[in-house]
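Trainee:
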Amino acid sequence: MFDPIMFGNDMDLMMNGVPGQAISGMNLALGSARLDPFDQFPVQLTSQHHKLLHHWLSTYATMMFDDVHSQAFNPMRDVWCPLDLSNAASFNAIMAHSAAHLARMQGLRQSKEALKFKAEAVRIVQVWMDDPERALSDDVLAAVLRLLTYERYWGTEAEWHVHYNGLSNLIQARGGIEALQSNWRLGLTTFLVSLMSKPSWFDCSNQIEELSSQHLDAHLHPILGDTVNLHRIRCLWLLSFVQDVGTFRVNSPEIYSHGTSLFSAIKEALGLLKLHLKQNEAGSMRQDACTKSEFTRLACLFFICILLQQSTSNSSAATNLSGYRSYDTQLVAYLNMFLDSSRPQWQGSIDNLYTALFSTFDASVRTGLNMEYIRNMTGVMASMTGGVRYGVERCLLNILCRTESNGFDAFDEEWTPDSLLSQIPPQ
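So this is what it looks like as structure tokens:
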């Protein structure tokens, strides 16, 4: 089961990572008894709504309240907020998401409050679907997108696929992605979700190649033929990816509790990546241009994370008695055995470790890993700002490098998925 102390510490770390200016602005924005922007909503706002709105916005504090006059693209303020607050179903779906996240931070496995809001969102969508004039509306698409978000992080893969198939049918009935260009926010978010076949970017079956490439000619792609759209979709992907980091940790409690201490060669490889990061980075103010050595280090880190995610997905037991997914130790042991036997070839060199993982390791037969997918995902991350890449590395290393006593050193202490999400600036 969830450890309340662990998640209580994460809550403290998250709030410590939120700039004071952002907290002040957030309290000012939400401290009144009445929230004028919601007068148009077909819901009577309560103190419960206020609480969940406050929590939801605090999750993205830097994007929501820091440097509000910035011209940089802000995926929360520019895309998700307008969509989430555009109709009652989307609003209830985001309340469900916020309630589930708040419950997890309090050490609870499930949230009745979240299920209530989700049920209301589904009910509204069903009413609209029965109305020929609203069945294919933007509101329905926006609501289904947020229900997909909820299922990705708090539901099951089966439930996610139900909504995903529904979204695919809606897109087809509307005339394809290109028919959504009149609502650019909806077009971008729908296109990003359409690239997924599994509810996590740590799964190689998703499509990411188009996001890693340079922009296409306008006549070749209805969305990515625009360089501005490509940048925006990458930023939207970043939010989705960082949330996946949190899910990766929660779904792998054995890894989060003990790190990779049971697999000495994997632990040593991660130690090499961590040491290289320490020795070659002066801090989170790294240059925005991704260097070759940084790309190599990121690719190796993503490789290990994706294999661990694959081992969780492939586990014969979907969940254990505590409600967690177990993971396939044979798959992890296979990588550990390979790294152990090839240690003389990669020890002390991230370049040699990259070669061992991407050129020597036989991944296709036993693991289902797609090396090109991992490279492409690294390429998308390389397009983000240096500070964001730094935070992603620190956060993943924090998850993977814990000791058997749940300890971690001061280098990792401040980095959790929630603290990282709260500090991502507009890109």
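Our numbering numbers the first residue of the sequence shown as 1322 and each following residue consecutively.
Backbone N, C-alpha and C define an ideal beta-carbon position, used for all residues, glycine too.
1. Helix or strand or just coil, what does DSSP make of Cys1722?
2. Would you tell me roughly how many angstroms separate the C-alpha atoms of Ser1670 and Leu1559, rounded to the nearest one?
3. Please state if the CB of Leu1466 and the CB of Leu1488 are separated by a distance shorter than 9 Å.
4. How do the segment 1435-1450 and the segment 1544-1557 stand: do at least 3 beta-carbon pairs fall below 8 Å, yes or no?
5. Based on Cα-Cα distance, which residue from Leu1717, Ser1503, Val1701 lies nearest to Phe1616?
6. Could you tell me the boundaries of the alpha helix (DSSP H) in which Glu1589 lies?
7. Let's test the definition: count the other Cβ atoms within 10 Å of the Cβ of Val1448 and tell me whether it reaches 16, buried, or not, exposed.
8. Helix, strand or coil for Gly1712 per DSSP?
9. Please state whether the Cβ-Cβ distance between Arg1696 and Phe1679 is less than 9 Å.
10. Jot down the residue ranges of each uninterrupted alpha helix (DSSP H) in the segment 1496-1550, minimum 4 residues, whole runs only, in chain order.
11. For Tyr1694, does the three-state DSSP call read helix, strand or coil?
12. Rounded to whole angstroms, what is the Cα-Cα separation between Pro1363 and Leu1469?
13. Thinking Leu1516 and Ile1529 are a contact (beta carbons under 8 Å), I'd like their distance in whole angstroms, please.
14. Do Ile1745 and Gly1712 have their C-beta atoms closer together than 9 Å?
15. Apart from the five residues on each side of it in sequence, which residues of its chain come closer than 7 Å, Cβ to Cβ, to Val1461?
16. Measure the C-alpha to C-alpha separation of Ser1419 and Thr1681 and round it to an integer number of angstroms.
17. To the nearest angstrom, report how far apart Arg1618 and Asp1683 are at their CA atoms.
Mentor: Straight from the coordinates:
1. Secondary structure at Cys1722: coil, using DSSP grouped into helix, strand and coil.
2. If I take the Cα positions, the gap works out to 29 Å.
3. Against a cut-off of 9 Å, the Cβ pair of Leu1466 and Leu1488 comes out as a contact.
4. With a cut-off of 8 Å, the segment 1544-1557 and the segment 1435-1450 do not count as touching, because too few Cβ pairs lie within range.
5. The shortest CA-to-CA distance from Phe1616 to any of Leu1717, Ser1503, Val1701 is the one to Val1701.
6. Residues 1585-1601.
7. Burial state of Val1448 is exposed, judged by a 10 Å Cβ sphere holding fewer than 16 other Cβ atoms.
8. In the three-state scheme derived from DSSP, where H, G and I count as helix and E and B as strand, Gly1712 is classed as helix.
9. Between Arg1696 and Phe1679, the gap from beta carbon to beta carbon is short of 9 Å.
10. DSSP runs (the alpha helix (DSSP H)) wholly in the segment 1496-1550: 1505-1515, 1530-1533.
11. For Tyr1694, the three-state secondary structure derived from DSSP is helix.
12. Bear in mind that a pLDDT of 48 at Pro1363, under 50, signals an unreliable position, so the number given afterwards is only what the model happens to contain. Going by C-alpha positions, Pro1363 is about 22 Å away from Leu1469.
13. The Cβ separation is near 7 Å, so the contact holds.
14. Yes, the Cβ-Cβ distance between Ile1745 and Gly1712 is below 9 Å.
15. The residues are Val1446, Trp1449, Met1450, Arg1455, Leu1491.
16. Cα atoms of Ser1419 and Thr1681: separation of roughly 44 Å, rounded to the nearest angstrom.
17. Near 20 Å, if we compare the C-alpha coordinates of Asp1683 and Arg1618.
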